[in-house]
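> Take this structure first; my questions come after.
Number of protein chains: 2
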Amino acid sequence: MFKQLGVIGCGLMGGSFALAMKQAGLVEKVIGYSKSPSTTERARQMGVIDQAAESALLAVSGADIVLLAVPVSATEATFRAIRHLVNPNVLFMDVGSTKRDVIDAARRVLKERCTTFVPAHPIAGKELAGVQYADSQLYRDRQIILTPIDQTAPHMVDKARALWTALGCQVTTMTPEAHDAAFAAVSHFPHLIAFAYFAGILQQQESDEFLALAGPGFRDFTRIAASDPAVWRDILIANREEVLRQSERFRGALGALEQALRECKGEALEALIRGVSMARSQWRMGAQPPRRG
Amino acid sequence: MFKQLGVIGCGLMGGSFALAMKQAGLVEKVIGYSKSPSTTERARQMGVIDQAAESALLAVSGADIVLLAVPVSATEATFRAIRHLVNPNVLFMDVGSTKRDVIDAARRVLKERCTTFVPAHPIAGKELAGVQYADSQLYRDRQIILTPIDQTAPHMVDKARALWTALGCQVTTMTPEAHDAAFAAVSHFPHLIAFAYFAGILQQQESDEFLALAGPGFRDFTRIAASDPAVWRDILIANREEVLRQSERFRGALGALEQALRECKGEALEALIRGVSMARSQWRMGAQPPRRG
Numbered sequence: 059m060f061k062q063l064g065v066i067g068c069g070l071m072g073g074s075f076a077l078a079m080k081q082a083g084l085v086e087k088v089i090g091y092s093k094s095p096s097t098t099e100r101a102r103q104m105g106v107i108d109q110a111a112e113s114a115l116l117a118v119s120g121a122d123i124v125l126l127a128v129p130v131s132a133t134e135a136t137f138r139a140i141r142h143l144v145n146p147n148v149l150f151m152d153v154g155s156t157k158r159d160v161i162d163a164a165r166r167v168l169k170e171r172c173t174t175f176v177p178a179h180p181i182a183g184k185e186l187a188g189v190q191y192a193d194s195q196l197y198r199d200r201q202i203i204l205t206p207i208d209q210t211a212p213h214m215v216d217k218a219r220a221l222w223t224a225l226g227c228q229v230t231t232m233t234p235e236a237h238d239a240a241f242a243a244v245s246h247f248p249h250l251i252a253f254a255y256f257a258g259i260l261q262q263q264e265s266d267e268f269l270a271l272a273g274p275g276f277r278d279f280t281r282i283a284a285s286d287p288a289v290w291r292d293i294l295i296a297n298r299e300e301v302l303r304q305s306e307r308f309r310g311a312l313g314a315l316e317q318a319l320r321e322c323k324g325e326a327l328e329a330l331i332r333g334v335s336m337a338r339s340q341w342r343m344g345a346q347p348p349r350r351g
Numbered sequence: 059m060f061k062q063l064g065v066i067g068c069g070l071m072g073g074s075f076a077l078a079m080k081q082a083g084l085v086e087k088v089i090g091y092s093k094s095p096s097t098t099e100r101a102r103q104m105g106v107i108d109q110a111a112e113s114a115l116l117a118v119s120g121a122d123i124v125l126l127a128v129p130v131s132a133t134e135a136t137f138r139a140i141r142h143l144v145n146p147n148v149l150f151m152d153v154g155s156t157k158r159d160v161i162d163a164a165r166r167v168l169k170e171r172c173t174t175f176v177p178a179h180p181i182a183g184k185e186l187a188g189v190q191y192a193d194s195q196l197y198r199d200r201q202i203i204l205t206p207i208d209q210t211a212p213h214m215v216d217k218a219r220a221l222w223t224a225l226g227c228q229v230t231t232m233t234p235e236a237h238d239a240a241f242a243a244v245s246h247f248p249h250l251i252a253f254a255y256f257a258g259i260l261q262q263q264e265s266d267e268f269l270a271l272a273g274p275g276f277r278d279f280t281r282i283a284a285s286d287p288a289v290w291r292d293i294l295i296a297n298r299e300e301v302l303r304q305s306e307r308f309r310g311a312l313g314a315l316e317q318a319l320r321e322c323k324g325e326a327l328e329a330l331i332r333g334v335s336m337a338r339s340q341w342r343m344g345a346q347p348p349r350r351g
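Chains A and B, in that order, give the protein sequences.
FYI, the numbering for the first sequence is 59 to 351, going by this note's numbering.
FYI, the numbering for the second sequence is 59 to 351, going by this note's numbering.
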């Protein structure tokens, strides 16, 4: 399907994409570039990429598909580095968890060349960062959200959809605004809660004793608190308006529960919990994607 | 080790205890009672209990060990129902997630007979309630907290410790006060957060679309939101003072993160997340029980 894939950022996401593309026979050759030469070298030794490039621009040279898998805060600089080789025949995609900021950067830097850029967000990941955790199955059976804009070339969106479908993903298209609002609600804000909750535990004198007693509920609830600090700094700041909106709503719901507790209103408390418990019991991950692309 | 076990409340916790005791060869016969006759009958048909009792008192009659596994709000009434058969030769234990309220009820109802009652909290459970989910392995490799009081007979604490150790558990003893403070922090308050967070999602018009997009982070973060409403109503109300104290602390930590977001203070935000992420990455469940019993 493709001759040459250029991966900029050979970490968990970029490395896993390269492995998946190779395993599916969708690409002949993979050229990779990472800011850290040791990462690029490791990716090459692991067989994640076939050849190391010395710059982002050289990773794009000769490619007919390019994946940007750099930290969100490095997106604009990366666009600048490669813009001279961004042409209408090359499919460009990113894997960022926020879309409006990436699209703004693409518009600013690529200008009329941004027709070939298809913003993408795979709902996949691990708490473990780095190419050493790259996994050809990372994206299988997961959802991919594409957020094309008016300027995006429709045939590039079709190409992107076909590619991710071939990798075993469910593809959904949304507007960047709807995407950022939805993921603030179901992903970004829960991370903020988990960070705040764990920070609150660590601030207490008895934190070691508390942590030693914590069980499986705590383990699962706080799993996302182990996420990468730089990645989540960028995501939370990029999507801060929607995240803060979710936080306000959450504080309202928490306040209602606290009031029921303070006043020992068992029935009100149980009714609140029952609604949530039923909804959560019925929920299944990826059971009903809203608008399939 | 024991001749006859009386189980009052043949649900997930009581049923799993009966199965574990039988499988370990620690008891010859199990008599069970549940408020709902269909539960007792189901437990008998499943072989969880050998014989159904028609009342809590009859389940205690002839037993040398009794497990109370009823909802916390039913504890006092159950103590009343059985108090005439509470004698110094029978080990009584509960499995409640809060300890001060259960001990208060024991003191009020059993009075000087409460020497034989060893308050116990196994750190185990599932989101699924009911005897149909009873599992002989539920307690294996889990922590059990015993919270004896001044009046508790030391040889009964020894008996309880030996029993849970034989079932493959790590036994820790704590004061009821320290127990309730610690579990407010690592279990009860996280449930309150998860309920509030999920309620906040459900209140939004786009909740169906949001839920359809949620991924593995959301799945694990909200698993405890599916917990049993009546059980958690009781736990949260019984331990409300400690839970509300945790909530205040959490709101402070959340506020600090929100402020960093609002002011786009990337470094401060990253530093906060980094501390949490490292601590959570190093944490292992049950790795360092604080004071082994």
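Heads up, the beta-carbon is just placed ideally off N, CA and C, and yes, glycines get one too.
Grouping DSSP H, G and I as helix and E and B as strand, with all else coil, what is residue 68 of chain B?
coil
> Return the bridge partner residues of residue 125 of chain B from the DSSP annotation.
B:65 and B:151
> Nearest to residue 244 of chain B by alpha carbon, out of A:235, A:117 and A:256?
A:256
> Determine the closest residue to residue 271 of chain A out of B:204, B:174 and B:116, with distance taken between C-alpha atoms.
B:204
> Could you tell me which of A:160, A:324, A:286 and A:293 sits nearest to residue 297 of chain B, measuring between CA atoms?
A:324
> Would residue 273 of chain B count as contacting chain A if we go by Cβ distances under 8 Å?
Chain A, which has a Cβ nearer than 8 Å to the Cβ of residue 273 of chain B, makes this yes.
> Just to confirm, are residue 311 of chain B and residue 254 of chain A a CB contact at a threshold of 8 Å?
yes
> Beta-carbon separation of residue 90 of chain A and residue 181 of chain B under 8 Å?
no
> Among the candidates B:338, B:235 and B:104, whose CA atom is the shortest distance from the CA of residue 269 of chain A?
B:338
> From the DSSP output, in three-state form, read off residue 85 of chain A for me.
strand
> Cβ atoms of residue 114 of chain A and residue 76 of chain A: under 8 Å apart, would you say?
no
> Tell me where the beta strand (DSSP E) around residue 202 of chain A begins and ends.
Boundaries of the beta strand (DSSP E) around residue 202 of chain A: 201–204.
> Give a yes or no on whether 8 Å exceeds the smallest Cβ distance from residue 234 of chain B to chain A.
Not an interface residue.
> Check whether the stretch 111–125 of chain A and the stretch 222–242 of chain A are in contact - that is, three or more C-beta pairs closer than 8 Å.
No contact exists between the stretch 111–125 of chain A and the stretch 222–242 of chain A.
> Please name the residue, chosen from A:155, A:67, A:265 and A:83, that lies closest to residue 292 of chain A on a Cα-to-Cα basis.
A:155
> Please tell me whether residue 205 of chain A has its Cβ less than 8 Å away from any Cβ of chain B.
no
> Which whole-angstrom value describes the C-beta separation of residue 237 of chain B and residue 157 of chain B, a residue pair presumed to lie in contact below a C-beta threshold of 8 Å?
5 Å
> Under three-state DSSP, which class holds residue 355 of chain B?
Any property of residue 355 of chain B remains undetermined from this structure, which presents chain B solely from 59 to 351.
> By a C-beta neighbour count over all protein chains shown, 10 Å radius and 16 as the cutoff for buried, is residue 31 of chain B buried or exposed?
As displayed, chain B neither begins before 59 nor continues past 351, which places residue 31 of chain B out of reach and without an answer.
> Is the Cβ of residue 227 of chain B closer than 8 Å to any Cβ of chain A?
no
> With which residues is residue 180 of chain A paired in a DSSP beta bridge?
Looking at the DSSP assignment, residue 180 of chain A forms a beta bridge with A:202.
> Would you mind sorting residue 159 of chain B into buried or exposed? The rule is 16 or more other CB atoms within 10 Å of its CB.
buried
> Between residue 149 of chain B and residue 176 of chain B, which are expected to be in contact by the criterion C-beta below 8 Å, what is the C-beta distance as a whole number of angstroms?
Their Cβ separation, rounded to whole angstroms, is 7 Å, which keeps residue 149 of chain B and residue 176 of chain B in contact under 8 Å.
> Quick one: give me the first and last residue of the alpha helix (DSSP H) that residue 340 of chain B is part of.
324–340
> Would residue 100 of chain B pass as a contact of residue 189 of chain B if the rule is Cβ separation under 8 Å?
yes
> Does any C-beta atom of chain A lie closer than 8 Å to the C-beta of residue 99 of chain B?
no
> Where do the ends of the alpha helix (DSSP H) carrying residue 228 of chain A lie?
For residue 228 of chain A, no alpha helix (DSSP H) encloses it; the enclosing beta strand (DSSP E) starts and ends at 228–231.
> Could you tell me the boundaries of the alpha helix (DSSP H) in which residue 244 of chain B lies?
Element bounds for residue 244 of chain B: n/a, residue is neither H nor E.
> Quick one, which of B:309, B:290, B:317 and B:322 has its alpha-carbon nearest residue 329 of chain A's?
B:290
> Please name the residue or residues paired with residue 175 of chain B in a DSSP beta bridge.
DSSP output for residue 175 of chain B lists B:150 as bridge partner(s).
> What does DSSP give as the partner residue(s) for residue 90 of chain A in the beta ladder?
A:65 and A:110
> Taking only three categories from DSSP, how would you classify residue 350 of chain B?
Since pLDDT at residue 350 of chain B reaches only 41, below the 50 mark, its modelled position is unreliable, and the value read off the structure follows with that caveat. The answer is strand: DSSP assigns residue 350 of chain B an E or B state.
> Could you give the C-beta distance for residue 123 of chain A and residue 63 of chain A, rounded to a whole number, given that I count them as a contact under 8 Å?
5 Å
> Spatial neighbours of residue 222 of chain B within its chain, please: C-beta separation below 6 Å, excluding the five flanking residues on both sides.
If we look at residue 222 of chain B and ignore the five residues flanking it on each side, its Cβ neighbours are 202 and 229.
> Leaving out the 5 sequence neighbours to the left and right, which residues in its chain are closer than 8 Å to residue 80 of chain A when beta-carbon positions are compared?
88 and 194
> When you compare only the Cα positions, how much space is there between residue 96 of chain A and residue 319 of chain A?
Between residue 96 of chain A and residue 319 of chain A, the C-alpha separation is close to 54 Å.
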